[in-house]
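Visitor:
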Amino acid sequence: KQTDFINGGGLRLDEDGGGCTYEEWIEVLIRVGEARYRNVRCGLPPDDSSPPVVVCAEAVLQHVAGLRSEQGSLQEASRIPFPRIASTEMTRQPGETPSDFSRWKWLWKQLCLELDRVHLWPSWEPQAFKMLRGGFQRLTSIFSYYVKASWMATDCELEVTLSERAWENFITDCGFATPRFDVNRLRSLYRSEVERCGGPLHVIQFIALLIHIAFLRLHPTYQPGDLDDHTMRPVPDCVAELLYEYVFPRAASDASIEAALRTRSANGVASALALHNVALRNMYVKLGGEQVSKPRGSSS
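Under the numbering used here, think of the first position of the sequence shown as 30, with each following residue one higher.
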């Protein structure tokens with residue numbers, strides 16, 4: 030009991046020097062923390078090791094003081110940090126307009142949210158960023174082609190999303206199916222995504238599904254939550270294989286988008302557009318390119 034502990038010496042200093050000072054008590058707690066948490070592992074093998082003294086001390090002191098559970102402290106300390114790409118670190122590509130660059134940053138942020146369910150994300154974010162930064166426009170033109178391939182003239186106002194029919198055409202052209210990852214599995218994954226997203230896929234959801242499939246088709250028995258092992262291929266390698274051996278060489282693409290991208294990225298074009306943007310925008314409006322709201326009461 031606490032009273033027995035105090036009466037028998039405990040934390041008080043008695044005449045014969047029994048008990049301990051506050052500083053000695055804290056030291057005892059820290060040593061208890063080191064002994065208690067020595068089997069906790071921080072980091073990835075083979076560099077995993079016991080938590081440093083500061084982590085042990087913080088965990089046990091917060092636990093004893095009732096400020097935080099030791100489980101929470103240790104989970105935070107043992108969490109493996111992965112370098113994330115901040116929007117401030119991104120740079121414009123040659124010929125990329127400020128508006129296109131802003132759109133890319135927004136799209137990348139949305140894609141990161143979609144990739145949160147793919148194996149070991151975000152440990153491979155830097156490789157994914159490098160790969161998709163260069164290939165995003167090509168994927169956009171491919172997406173556009175399959176969305177619009179069956180459109181009639183009256184469909185031009187439809188939302189730009191990928192229907193199941195378009196998905197069927199796309200996976201057939203690319204030849205994704207394998208003996209262990211057949212076309213029924215590809216259809217099922219598309220339907221699951223449509224259900225999760227609440228409707229046909231937009232371009233970011235389409236790219237996220239490709240990345241998910243890139244990993245699954247090479248690891249068909251994988252289940253969410255499975256641990257990584259030495260037999261698994263890294264996700265970026267799976268994505269590179271899918272894109273460069275199946276998607277880019279085989280899929281059709283929207284020629285109008287690719288032509289526009291080549292023109293806008295030509296040397297000096299972006300600078301010329303930026304220099305004359307205001308005048309060109311005013312001319313565009315005068316020609317009826319945009320509906321400009323008129324002040325209330327003005328005549329038409």
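For every residue, glycine included, the Cβ atom is placed at its ideal position computed from N, Cα and C.
Keep in mind the model is a prediction, meaning the values are calculated, not measured.
Suppose you measure from the CA of T50 to the CA of R60; what does that come to, to the nearest Å?
Guide: For the purposes of this step, residue 50 is taken as the residue at position 21 of the sequence shown. For the purposes of this step, residue 60 is taken as the residue at position 31 of the sequence shown. The straight-line gap from Cα to Cα measures roughly 15 Å.
Visitor: Give the DSSP bridge partners of F210, in chain order.
Guide: In the sequence shown, residue 210 corresponds to position 181, counting from 1. Note: F210 sits in a beta bridge opposite T207.
Visitor: So L215 and V223 are in contact, right, with Cβ under 8 Å, and what is the actual spacing, rounded?
Guide: The residue you call residue 215 lines up with position 186 of the sequence shown. The residue you call residue 223 lines up with position 194 of the sequence shown. About 13 Å separates the two Cβ atoms, so there is no contact after all.
Visitor: Suppose you measure from the CA of G101 to the CA of E154; what does that come to, to the nearest Å?
Guide: The residue given as residue 101 occupies position 72 in the sequence shown. The residue given as residue 154 occupies position 125 in the sequence shown. Looking at the two C-alpha atoms, the distance is approximately 26 Å.
Visitor: If you follow the alpha helix (DSSP H) that C49 is part of, which residue opens it and which one closes it?
Guide: Within the sequence shown, the letter at position 20 stands for residue 49. Where C49 is concerned, there is no enclosing alpha helix (DSSP H), given that its DSSP letter is neither H nor E.
Visitor: Would you decide whether R246 is buried or exposed? Buried here means 16 or more other CB atoms lie within 10 Å of its CB.
Guide: Here residue 246 refers to the residue found at position 217 of the sequence shown. R246 comes out buried.
Visitor: Would you grab the beta carbon distance between A237 and L144 for me? Rounded to a whole angstrom, and I think it's under 8 Å.
Guide: The residue labelled residue 237 in the question sits at position 208 within the sequence shown. The residue labelled residue 144 in the question sits at position 115 within the sequence shown. Correct: roughly 6 Å between the Cβ atoms.
Visitor: Would you mind working out which of P123, K138, R97, T126 sits nearest T346, comparing C-alpha positions?
Guide: Because the chain spans 30 through 329 in this model, residue 346 falls outside it and cannot be assessed.
Visitor: So, with DSSP's three-state summary, where would you put L90?
Guide: Your numbering for residue 90 matches position 61 in the sequence shown. Correct three-state label for L90: helix.
Visitor: Report buried or exposed for L271, applying the criterion of at least 16 other Cβ atoms within 10 angstroms of its Cβ.
Guide: Against the sequence shown, residue 271 aligns to sequence position 242. Counting Cβ neighbours within 10 Å, L271 comes out buried, since at least 16 surround it.
Visitor: Mapping the DSSP letters down to three states, classify L191 as helix, strand or coil.
Guide: In the sequence shown, the residue the question calls residue 191 occupies position 162. Three-state DSSP puts L191 in a strand.
Visitor: For a test of the three-state rule: what should DSSP assign to L309, helix, strand or coil?
Guide: The residue you call residue 309 lines up with position 280 of the sequence shown. Of the three classes helix, strand and coil, the one that applies to L309 here is helix, per DSSP.
Visitor: For a quick check, are the C-beta atoms of V57 and L103 less than 8 Å apart?
Guide: Taking the first residue of the sequence shown as position 1, residue 57 is located at position 28. Taking the first residue of the sequence shown as position 1, residue 103 is located at position 74. It is not a contact, given that the beta carbons lie outside the stated cut-off.
Visitor: List the DSSP bridge partners of L230.
Guide: In the sequence shown, the residue the question calls residue 230 occupies position 201. According to DSSP, which records beta bridges pairwise, L230 is partnered with L191.
Visitor: On the criterion of 16 or more Cβ atoms from any shown chain inside 10 Å, does P208 qualify as buried, or is it exposed?
Guide: Residue 208 sits at position 179 when you count from the first residue of the sequence shown. P208 is exposed by the Cβ-count criterion.
Visitor: Taking the alpha carbon of H259 as the reference point, which residue from C141, F172, H248 has its own alpha carbon closest?
Guide: Here residue 259 refers to the residue found at position 230 when the sequence shown is read from its first residue. Between H259 and the set C141, F172, H248, the nearest pair of CA atoms involves H248.
Visitor: Taking its Cβ as the centre, do 16 or more other Cβ atoms sit within 10 Å of F199, making it buried, or is it exposed?
Guide: The residue given as residue 199 occupies position 170 in the sequence shown. Buried, because 16 or more other Cβ atoms sit within 10 Å of the Cβ of F199.
Visitor: Can you give the Cα-Cα distance for Q91 and E53, rounded to whole angstroms?
Guide: The residue given as residue 91 occupies position 62 in the sequence shown. The residue given as residue 53 occupies position 24 in the sequence shown. Their Cα atoms are separated by approximately 17 Å.
Visitor: Considering only the alpha carbon of each residue, which of G95, Y66, K177 lies closest to V84?
Guide: Within the sequence shown, numbered from 1, the residue matching residue 84 stands at position 55. Comparing Cα-Cα distances from V84 to each of G95, Y66, K177, the minimum goes to Y66.
Visitor: In chain order, what residues of the same chain lie with their CB nearer than 8 Å to the CB of A195, ignoring the 5 residues before and after it?
Guide: For this step, residue 195 is matched to residue 166 along the sequence shown. Contacts found: Y175, V176, A178, S179.
Visitor: Taking only the alpha-carbon atoms, compute the straight-line gap between M261 and C203 and give it to the nearest angstrom.
Guide: Here residue 261 is taken as the residue at index 232 of the sequence shown, counted from 1. Here residue 203 is taken as the residue at index 174 of the sequence shown, counted from 1. So the alpha carbons of these two residues sit roughly 23 Å apart.
Visitor: Report back the beta-carbon spacing between G62 and A86 to the nearest angstrom; my notes put them in contact at under 8 Å.
Guide: Here the question's residue 62 lines up with position 33 in the sequence shown. Here the question's residue 86 lines up with position 57 in the sequence shown. That belief holds up - the Cβ atoms of G62 and A86 are roughly 6 Å apart, short of 8 Å.
Visitor: Could you tell me whether the Cβ atoms of M160 and V264 are closer together than 8 Å?
Guide: Along the sequence shown, read from residue 1 onward, the residue named residue 160 stands at position 131. Along the sequence shown, read from residue 1 onward, the residue named residue 264 stands at position 235. Not closer than 8 Å, so no.
Visitor: Does any heavy atom of the ligand HEM sit closer than 7 Å to the C-beta of Y66?
Guide: No copy of the ligand HEM occurs in the structure displayed, which carries no ligand at all.
Visitor: By how many angstroms is the C-alpha of P80 removed from the C-alpha of L168?
Guide: Along the sequence shown, one-based indexing puts residue 168 at 139. Along the sequence shown, one-based indexing puts residue 80 at 51. Going by the C-alpha atoms only, they are around 44 Å apart.
Visitor: Is the distance from the Cβ of D266 to the Cβ of S173 below 8 Å?
Guide: Numbered from its first residue, the sequence shown carries residue 266 at position 237. Numbered from its first residue, the sequence shown carries residue 173 at position 144. The answer is no: Cβ separation not under 8 Å.
Visitor: Along the alpha helix (DSSP H) that carries Y332, what are the first and last residues, could you check?
Guide: What the structure shows of the chain is the stretch from 30 to 329, and residue 332 is not part of that stretch, so it cannot be assessed.
Visitor: Residues in its own chain within less than 6 Å of I171 by CB, not counting five upstream and five downstream?
Guide: Your numbering for residue 171 matches position 142 in the sequence shown. A280, S282, listed in sequence order.
Visitor: Could you tell me the alpha carbon to alpha carbon distance between V232 and D257, rounded to whole angstroms?
Guide: Against the sequence shown, residue 232 aligns to sequence position 203. Against the sequence shown, residue 257 aligns to sequence position 228. Spanning the two alpha carbons is a distance of roughly 29 Å.
Visitor: Can you tell me whether E193 is buried or exposed? The criterion is at least 16 other CB atoms within 10 Å of its CB, across all chains shown.
Guide: Within the sequence shown, numbered from 1, the residue matching residue 193 stands at position 164. By the 10 Å Cβ count, E193 comes out exposed.
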